[in-house]
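For any residue, its number in my numbering is found by taking its place in the sequence shown, counting from 1, and adding 12.
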Amino acid sequence: MTANTGTFGQELTTERVASGFAIPVLVTAPTDDPDRIFIVEQGGLIRIADRSGNGVYPDPFLDISDRVRSGGERGLLGLAFHPDYDNTGYLFVNYTNSSGATTVARFSVSANNPDLADPASEKILLTVSQPYSNHNGGNIVFGPDGYLYIGMGDGGSGNDPGNRAQNPLEFLGKILRIDVDNGDPYGIPADNPFVNDPGTLDEIWAIGVRNPWRWSFDRETGDLWIGDVGQSAREELDFQPADSPGGENYGWRCMEGFRCTGLDGCNCNGPELTLPIYDYTHAGGRCSVTGGYVYRGPSIPLLAGTYFFADYCAADIWSFRYDGSQMSEFTDRTVELDPGNGQAIDFIPSFGEDGLGELYIVDIEGEVYRLKTTLELETNTLTAGQNGIFRARGAAANTMVYFVYSLTGTGRTTVPPLGVDLALASPQLVGQKQADASGTAVLVKLVPGIAQGKTVWLQAAVDGNSSNVITTVID
Numbered sequence: 013m014t015a016n017t018g019t020f021g022q023e024l025t026t027e028r029v030a031s032g033f034a035i036p037v038l039v040t041a042p043t044d045d046p047d048r049i050f051i052v053e054q055g056g057l058i059r060i061a062d063r064s065g066n067g068v069y070p071d072p073f074l075d076i077s078d079r080v081r082s083g084g085e086r087g088l089l090g091l092a093f094h095p096d097y098d099n100t101g102y103l104f105v106n107y108t109n110s111s112g113a114t115t116v117a118r119f120s121v122s123a124n125n126p127d128l129a130d131p132a133s134e135k136i137l138l139t140v141s142q143p144y145s146n147h148n149g150g151n152i153v154f155g156p157d158g159y160l161y162i163g164m165g166d167g168g169s170g171n172d173p174g175n176r177a178q179n180p181l182e183f184l185g186k187i188l189r190i191d192v193d194n195g196d197p198y199g200i201p202a203d204n205p206f207v208n209d210p211g212t213l214d215e216i217w218a219i220g221v222r223n224p225w226r227w228s229f230d231r232e233t234g235d236l237w238i239g240d241v242g243q244s245a246r247e248e249l250d251f252q253p254a255d256s257p258g259g260e261n262y263g264w265r266c267m268e269g270f271r272c273t274g275l276d277g278c279n280c281n282g283p284e285l286t287l288p289i290y291d292y293t294h295a296g297g298r299c300s301v302t303g304g305y306v307y308r309g310p311s312i313p314l315l316a317g318t319y320f321f322a323d324y325c326a327a328d329i330w331s332f333r334y335d336g337s338q339m340s341e342f343t344d345r346t347v348e349l350d351p352g353n354g355q356a357i358d359f360i361p362s363f364g365e366d367g368l369g370e371l372y373i374v375d376i377e378g379e380v381y382r383l384k385t386t387l388e389l390e391t392n393t394l395t396a397g398q399n400g401i402f403r404a405r406g407a408a409a410n411t412m413v414y415f416v417y418s419l420t421g422t423g424r425t426t427v428p429p430l431g432v433d434l435a436l437a438s439p440q441l442v443g444q445k446q447a448d449a450s451g452t453a454v455l456v457k458l459v460p461g462i463a464q465g466k467t468v469w470l471q472a473a474v475d476g477n478s479s480n481v482i483t484t485v486i487d
């Protein structure tokens, strides 16, 4: 096997891991949580599911439905766990209160039960009145700097009638940045871009957004990706590099994507505006962009650096790479990521990451799906001096499956006879086995005694396709 920079296909799909939710709008998890995903229901509940698909926990993690006004674009809309959640036990939510205002609040996990948060522990950090019922934003995310970022819509109605997104003395139509670890109820980071400007609110990080419904930080680079929902013509993706000092003006209400709105008082395409890296029209039933994530999970290393996003109404899913100036490998993933087996992803309010960085898709009709390879590898616990069991599922019936390992880590190695790129550096063959009629191949192989304590990376491959990667330490 020789290293090469060529690219050969790896087939992806989605697998339903949890269902039965009432209007789910988000899935997330504390960093490094290996087992759980947390699903936000618009009505005011947060539920826990096993990330491997072994069911939904019977009791909600948090129930604040008694203080949430839900319906349309209102409700419990955002959830973010403190970066040091294991020690602080703090989680933060964004919800619409009974008067229709946006509320950002902190809750604490139970001291006695890690699967239960205390609804009586609420500490309200921020309340922002909403003049209309739509464009509530709702997303809250901790950045790599440890500060909490809050996405605020423009206040609603059409064409931002109050010109709030461009008003530096309004929270609406902005992304805010606050310090939840200092100050009461919060502090202002000293390097916020307008902190010394008396004509601009100190909390503001960026201005000129219409309804930044879903956005995320690349967990490896720190780059910020914003899906900003358009008015009636264009949907846009905005990009802020990790080294930005903030202060960007993303253009709304003067710009909708790359389109000049022509509204009064607007200077379109001015040098003070930061234009999107991509926009698209409402053709084909599309209506609302759902910003996603850059894939950084351990299971599919060849996807690393690929950004996924979708349209809510059409359930179209796309991906691409971006180097800070140019897009590449733009791919329509809609058909590829259809789960099949009588299931379908109909409306996509959100993507999500689990604690390890694997990617999920939320269907507002009650389901959560996980991105995966069609060829899936699993093993038993590998112990030196004992038989290892290597099982690959999803191959074509009666095809040969090759099992490989690496002791040096992930990489890209092209195997021309199979037409695949393996995601391993210096891979070695463990063995091969023909798949049965169901497409499953099982290889039993003795794990050498000298392997004890070593980290090993494992993968399976067939003609034209390769599996997920498993990383494990030999017992």
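Every residue, glycine too, gets a C-beta built ideally from N, C-alpha and C.
Enclosing beta strand (DSSP E) for residue i [first to last residue]
i           : result
residue 425 : 422-427
residue 167 : Run containing residue 167: none; DSSP gives neither H nor E here.
residue 217 : 216-219
residue 390 : 388-391
residue 142 : Element bounds for residue 142: n/a, residue is neither H nor E.
residue 330 : 329-334
residue 498 : No statement about residue 498 is possible, as the shown extent of the chain runs from 13 to 487 and does not include it.
residue 60  : 57-62
residue 31  : 24-31
residue 48  : 48-53
residue 482 : 482-485
residue 86  : First-last for residue 86: undefined, no H or E at that position.
Cβ neighbour criterion (16 or more within 10 Å) applied to residue i
i           : result
residue 311 : buried
residue 287 : exposed
residue 342 : exposed
residue 453 : buried
residue 441 : exposed
residue 367 : buried
residue 460 : exposed
residue 353 : exposed
residue 384 : buried
residue 362 : buried
residue 478 : buried
residue 293 : exposed
residue 51  : buried
residue 432 : buried
residue 196 : exposed
residue 365 : buried
residue 142 : buried
residue 202 : exposed
residue 32  : exposed
Which of helix, strand or coil DSSP assigns to residue i
i           : result
residue 79  : helix
residue 462 : helix
residue 128 : coil
residue 317 : coil
residue 177 : coil
residue 409 : coil
residue 17  : A caution first: residue 17 carries a pLDDT of 38, below 50, which makes its placement in the model unreliable, though a value can still be read off. In this structure, residue 17 counts as coil in the three-state DSSP scheme.
residue 297 : helix
residue 36  : strand
residue 69  : coil
residue 371 : strand
residue 477 : strand
residue 418 : strand
residue 271 : strand
residue 403 : strand
residue 469 : strand
residue 434 : strand
residue 260 : coil
residue 137 : strand
residue 265 : coil
residue 120 : strand
residue 106 : strand
residue 359 : coil
residue 347 : coil
residue 365 : strand
For residue j and residue i, believed in contact at Cβ under 8 Å, the rounded distance
i           : j           : result
residue 248 : residue 240 : 5 Å
residue 29  : residue 65  : 4 Å
residue 414 : residue 444 : 5 Å
residue 220 : residue 177 : 5 Å
residue 350 : residue 357 : 7 Å
residue 111 : residue 120 : Going by Cβ atoms, the distance from residue 111 to residue 120 rounds to 25 Å, so no, they are not a contact pair.
residue 336 : residue 253 : 6 Å
residue 346 : residue 321 : With 8 Å as the limit, residue 346 and residue 321 do not qualify as a contact, their Cβ atoms being about 12 Å apart.
residue 408 : residue 389 : That pair is no contact at about 16 Å.
Residue i: first and last residue of the uninterrupted alpha helix (DSSP H) it sits in
i          : result
residue 98 : 97-100
Residue i: CB within 7 Å of a non-hydrogen atom of the ligand MG
i           : result
residue 418 : Ligands in the displayed structure: none, and consequently the ligand MG is not present.
Notebook entry, point to check: Which ranges would you report for the beta strand (DSSP E) in the segment 181-256 if only whole runs of at least 3 residues count?
Noted result: For the segment 181-256, whole beta strand (DSSP E) runs of length 3 or above, ordered along the chain, are 186-190, 216-219, 226-229, 236-240, 246-252.
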